[in-house]
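K.L.:
Next up is a structure, given as structure tokens.
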Amino acid sequence: MSRRLKTRLLFSIFLVFIFLLAITVWYSPVLLKGYSSQPMGYGILIARNYSQSDVFGMEDNLNIFVAPSLVEERANTSTVSNKFTYYSYGYLFKAIGQLSINQLLITSFILHALALVLFTVLIFYLFGSSIALVFPFIYIFFPFQWQHSQFLATYEFALFYLSLFSLFYFWGRDQKLKIIYLVLAGFFLSLTVMSRETFMMFLPLFFIYLVFHKKKLEILSVFIPLALMLLVFWAPSFLSQENSNLYLFKTGASEELKSPAYHLYGHLYADPYTYHFAKGDADQELEQQITNTDSDFATVLGRLKVGANIGERSIGFGERLLVGSNIFLKHMSRFLAIEAIGGPLITLLMLLGLYKLKYISKELFQFFIFWMIGVLFLLSYLGLSTRNRLIDFGWVIALLVSLGLSSIFLLLKDYFKLKRFLWPIYIIVVLLVVYNLVIASHVFWGRAYDDKDNLAAIYIGEQIKQSEVADDEIIATSFREGHVLFNYLAEKSFVYFSPETTDRLIAEGELQSAFDKFGVKYIVGFHEDQSVKILEQTSVINISSAPAEDELVKPTDVYTNEMWFLNLVK
Numbered sequence: 058m059s060r061r062l063k064t065r066l067l068f069s070i071f072l073v074f075i076f077l078l079a080i081t082v083w084y085s086p087v088l089l090k091g092y093s094s095q096p097m098g099y100g101i102l103i104a105r106n107y108s109q110s111d112v113f114g115m116e117d118n119l120n121i122f123v124a125p126s127l128v129e130e131r132a133n134t135s136t137v138s139n140k141f142t143y144y145s146y147g148y149l150f151k152a153i154g155q156l157s158i159n160q161l162l163i164t165s166f167i168l169h170a171l172a173l174v175l176f177t178v179l180i181f182y183l184f185g186s187s188i189a190l191v192f193p194f195i196y197i198f199f200p201f202q203w204q205h206s207q208f209l210a211t212y213e214f215a216l217f218y219l220s221l222f223s224l225f226y227f228w229g230r231d232q233k234l235k236i237i238y239l240v241l242a243g244f245f246l247s248l249t250v251m252s253r254e255t256f257m258m259f260l261p262l263f264f265i266y267l268v269f270h271k272k273k274l275e276i277l278s279v280f281i282p283l284a285l286m287l288l289v290f291w292a293p294s295f296l297s298q299e300n301s302n303l304y305l306f307k308t309g310a311s312e313e314l315k316s317p318a319y320h321l322y323g324h325l326y327a328d329p330y331t332y333h334f335a336k337g338d339a340d341q342e343l344e345q346q347i348t349n350t351d352s353d354f355a356t357v358l359g360r361l362k363v364g365a366n367i368g369e370r371s372i373g374f375g376e377r378l379l380v381g382s383n384i385f386l387k388h389m390s391r392f393l394a395i396e397a398i399g400g401p402l403i404t405l406l407m408l409l410g411l412y413k414l415k416y417i418s419k420e421l422f423q424f425f426i427f428w429m430i431g432v433l434f435l436l437s438y439l440g441l442s443t444r445n446r447l448i449d450f451g452w453v454i455a456l457l458v459s460l461g462l463s464s465i466f467l468l469l470k471d472y473f474k475l476k477r478f479l480w481p482i483y484i485i486v487v488l489l490v491v492y493n494l495v496i497a498s499h500v501f502w503g504r505a506y507d508d509k510d511n512l513a514a515i516y517i518g519e520q521i522k523q524s525e526v527a528d529d530e531i532i533a534t535s536f537r538e539g540h541v542l543f544n545y546l547a548e549k550s551f552v553y554f555s556p557e558t559t560d561r562l563i564a565e566g567e568l569q570s571a572f573d574k575f576g577v578k579y580i581v582g583f584h585e586d587q588s589v590k591i592l593e594q595t596s597v598i599n600i601s602s603a604p605a606e607d608e609l610v611k612p613t614d615v616y617t618n619e620m621w622f623l624n625l626v627k
């Protein structure tokens, strides 16, 4: 066997190993706790409904999450963005059937792991085996990556397509038939953007980068197929006002969109009842919070941001500058945050890696800095988005940390003159960095699992499945995120009533009238005291109140596994 063939064989075995390791690590919180701490996203409902009835929707005119059997009759076409992710899951469901929560999580882990494998191949091509052997371990244990792997229907398809784009672009541009690979890169970049539209911010930056470096062939080969794909599959829904990102460009768009989506206006309005029947009071309260001199600065900025995000209030240039600057600082602070990136140690390694990259490839050095800072700038001032976006360029951060570690290797070799124990000491350093990431993730998971809402939602979902509720009978719940999971598990119709709105309606004696507007016949998930008050004033039936702490008991084997693992990382 030739040396080259042996190297490829060993590297292939390594890729299989990191693929399995990634899935195992990301699945471990679910295995040890017995459930996922992250709420189910609405996108899975859209995918399920599309697979069963070819309707891309989940809510009716009053934002009731209708049962699957009623989707074709009552659900409006959803105006959500990131449609290609939901279509991808929809076609997956068509092919293999509806998946359980556990199967959905494993699907997400597999897609994230496939992206990791492709990124590792790219790193091997660009920087060689020494960096490629360290890179996947940093990537796997990054807190933001570990966290996002459990967020269903968010980044899994987008990162998989991004890894294909990155591989075809950076590897393909050095091949003889590079135009073919660059066209494929443009194709997969379009899928990335349509799967997660925050990557739209990457496009102008990438274009400017190519223009600055006078890469005419790459501009044409990548952006022509990209533009064609977006014109055919993305632009029609945006131009016909079936895309919620329209809010970024037009105030008052919610009244013109075909179906206002609760997941959007829920950032400002407490629940569907407030939005549809008490909107005036909520709008007045918003304006008072902004104009009241007694309101603290953070509250004013938060209200300005939310009002602009959902198209309910225009925002002036000065206000946008203030809000955007606050958001930009928050994004930059995540490069130091323990629960996001792993803390200052990782930041220092990243900066050290940037310094080394400058001497390895000045072009990549400029591109990565321009990409990361540029995207965060656009997300802050244009998108007014505060969510953690480190995962958008997570592979770049993992690469920089790996380069930083390689600089430590050279320091040990050249400055300390280590020879005999060089590799063992370097491996220990890498393991300590990985352990630092594990500890940082442990902080996040400990806090995430302190909130047992998801476990309670699973418990309540099982109670609903055992009840005899017709598909057209509406169930009201006070679980803000739970009604999405309830709809998926029990396949019944649900509407959300916030505890605050419910208390106010009880005090005003208007709760029965409010329930009648939505056709509510049952309630589920309200706290016991509130359930008693609801039953006193209305004719609804209580399926199950929110479970008490002692009712949420995990199996003994799950508890034992959890304690064994946590003792290792304390």
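So the sequence shown is numbered by our numbering: it starts at 58 and just counts up by one. All C-beta atoms in this analysis are idealised placements derived from N, C-alpha and C, irrespective of residue type, glycine included. Just so you know, these numbers come straight off a predicted model, no measurement behind them.
1) DSSP three-state call for F478: helix, strand or coil?
2) Evaluate K474 with the Cβ neighbour count: other Cβ atoms within 10 Å of its Cβ, from every protein chain shown; 16 or more gives buried, anything less gives exposed.
3) Label I485 either buried or exposed according to how many other C-beta atoms from any shown protein chain fall within 10 Å of its C-beta, with 16 as the threshold for buried.
4) Can you list, in chain order, the residues of its chain whose CB lies under 8 Å from that of L287, leaving out five sequence neighbours each side?
5) Let me check one thing: in DSSP terms, what residues is F551 bridge-paired to?
6) Can you name, in chain order, every residue of its own chain whose Cβ lies under 6 Å from the Cβ of P401, other than the five neighbours on each side?
7) Using only CA atoms, which one of F554, A335, L406 and F501 lies nearest to V490?
8) Just to confirm my understanding: we take S187, look at its own chain, exclude 5 residues before and 5 after, and list those with CB closer than 7 Å. What are they?
9) Quick check on the DSSP output: the alpha helix (DSSP H) that includes Y412 runs from which residue to which?
10) Quick check: the Cα distance between E42 and F222, rounded to an integer number of angstroms?
11) Would you mind reading off the limits of the alpha helix (DSSP H) that contains Y579?
12) Determine the extent of the beta strand (DSSP E) in which S59 is found, giving its start and end residues.
13) Are G364 and L378 touching if we call contact CB-CB under 8 Å?
14) Buried or exposed for T348, please, with buried defined as at least 16 other CB atoms from any protein chain shown within 10 angstroms of its CB.
15) What's the C-alpha gap between I454 and L414?
16) Relative to the C-alpha of L296, which candidate in F227, Y416, S138 and D340 has its C-alpha closest?
17) If we ignore side chains and look at the alpha-carbon of each, how far apart do K315 and S442 end up?
18) Excluding the 5 residues preceding and the 5 following K63 in the sequence, name in chain order all residues of the same chain whose CB lies nearer than 6 Å to its CB.
19) Starting from the C-beta of G381, find all residues in its chain whose C-beta is less than 7 Å away, skip the five residues before and the five after it, and write them out in chain order.
20) Based on DSSP bridge pairs, tell me the residues matched to S588.
21) Select from E519, A170 and I195 the residue whose C-alpha is nearest the C-alpha of L546.
22) Please return the same chain residues whose Cβ sits closer than 8 Å to the Cβ of A513, not counting the five positions on each side in sequence.
23) Of all the options D507, A210 and G243, which has the alpha carbon lying nearest to the alpha carbon of L224?
24) Cα-Cα, which of A124, V128, S206 and L421 is closest to S85?
25) Rounded to whole angstroms, what's the CA-CA distance from I430 to L408? Just pull it up for me.
26) Spatial neighbours of V458 within its chain, please: C-beta separation below 7 Å, excluding the five flanking residues on both sides.
27) So which of F427, K387 and G451 has the shortest CA-CA distance to P200?
28) Among S126, F184, S94 and V112, which has the Cα closest to the Cα of G461?
29) Using the C-alpha atoms, what's the distance from M258 back to S371?
30) Would DSSP call N106 helix, strand or coil?
31) Quick check on E525: does DSSP put it in helix, strand or coil?
32) Run through DSSP, which three-state label would A567 get?
33) Do the segment 561-568 and the segment 115-130 make contact, defined as three or more Cβ pairs closer than 8 Å?
34) Run the CB neighbour count on R65, radius 10 Å, all protein chains shown included, and call it buried at 16 or more, exposed below.
35) If you draw a straight line from the C-alpha of Y238 to the C-alpha of G229, how long is it?
36) When the Cβ atoms of the segment 134-149 are set against those of the segment 275-286, are three or more pairs found closer than 8 Å?
P.N.:
So, from the data block:
1) coil
2) exposed
3) exposed
4) S247, V250 and M251
5) F122 and I532
6) L393
7) L406
8) S463
9) P401 to I417
10) Residue 42 cannot be examined here, being either before or after the span of the chain that is shown, 58 to 627.
11) Unbroken run through Y579 is the beta strand (DSSP E), V577 to V581; no alpha helix (DSSP H).
12) Looking at the DSSP string, S59 is not in any beta strand (DSSP E), and its letter there is neither H nor E.
13) no
14) exposed
15) 12 Å
16) S138
17) Unreliable positioning characterises K315 in this predicted model, as indicated by a pLDDT of 42, which lies under 50. A coordinate reading is not provided.
18) none
19) S437, Y438 and L441
20) DSSP output for S588 lists no bridge partner at all.
21) E519
22) F536, G539, G582, A603, P604 and L609
23) G243
24) S206
25) 14 Å
26) I195, I403, L406, M407 and G410
27) G451
28) F184
29) 22 Å
30) helix
31) coil
32) For the sequence presented, residue 567 should be read as Glu rather than Ala. In the structure shown, E567 sits in coil (DSSP, three-state: anything other than H, G, I, E or B).
33) no
34) exposed
35) 5 Å
36) no
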